[in-house]
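For the sequence shown, the working numbering assigns the number 108 to the initial residue and increments by one for each residue that follows. Yeah, the Cβ is synthetic: ideal placement off N, Cα and C, and Gly gets one too. To keep things clear, I will list the structure first and then write my remarks on it.
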Amino acid sequence: MTLSKNSPLILTIETVPGREIIDVLGLVKGSTVRAKHVGADITAALRNIVGGEVKEYAQLLAGAREQAKDRMIDDAQALGADAIVGVRMQTSAIQNGASEVVFYGTAVRLGP
Numbered sequence: 108m109t110l111s112k113n114s115p116l117i118l119t120i121e122t123v124p125g126r127e128i129i130d131v132l133g134l135v136k137g138s139t140v141r142a143k144h145v146g147a148d149i150t151a152a153l154r155n156i157v158g159g160e161v162k163e164y165a166q167l168l169a170g171a172r173e174q175a176k177d178r179m180i181d182d183a184q185a186l187g188a189d190a191i192v193g194v195r196m197q198t199s200a201i202q203n204g205a206s207e208v209v210f211y212g213t214a215v216r217l218g219p
């Protein structure tokens, strides 16, 4: 999902410069859990020998971040939010080879 006219602003700060927050709608969040693929593990093991970026893992995590962010946006849109303030991202290992990515923030409506 990309931001469009109907998508809320996403800000890591607590305010929207030049705009007034007139209604706090509440916490919005989005998460996903992704597991490594055996093929990526083999490639990663080889990269550990010769060095370099493990592109397979980088792509896996980039996709997980995007999906979690999109789910947070969907949550905010369902509330009719104009913006999401105080956005944070967190990751954690669920088990060996699987990670969770969570985005969360406060959905708000803005004044004119």
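Contact check, residue i vs residue j, beta carbons under 8 Å
i: E127; j: L186; result: no
i: V192; j: D130; result: no
C-alpha gap between residue i and residue j, whole angstroms
i: T122; j: A171; result: 27 Å
i: A175; j: T119; result: 16 Å
i: D181; j: A190; result: 12 Å
i: Q166; j: E160; result: 11 Å
i: Y211; j: S114; result: 16 Å
i: L116; j: A205; result: 30 Å
i: A188; j: T213; result: 9 Å
i: G125; j: I156; result: 52 Å
Integer Cβ distance of residue i from residue j, believed to fall under 8 Å
i: S138; j: V194; result: Between V194 and S138 the Cβ distance is about 14 Å, and since that is not below 8 Å, they are no contact.
i: M196; j: K136; result: About 11 Å separates the two Cβ atoms, so there is no contact after all.
Sequence-distant residues of the same chain with beta carbon closer than 8 Å to residue i, five excluded per side
i: I201; result: V140 and E207
i: Q184; result: N113, S114 and P115
i: G133; result: L186, T213 and A214
Neighbourhood of residue i by C-beta distance below 6 Å, restricted to the same chain and skipping five residues each side
i: S199; result: E207
Same chain only: Cβ atoms within 7 Å of residue i, ignoring 5 sequence neighbours per side
i: A142; result: G204 and A205
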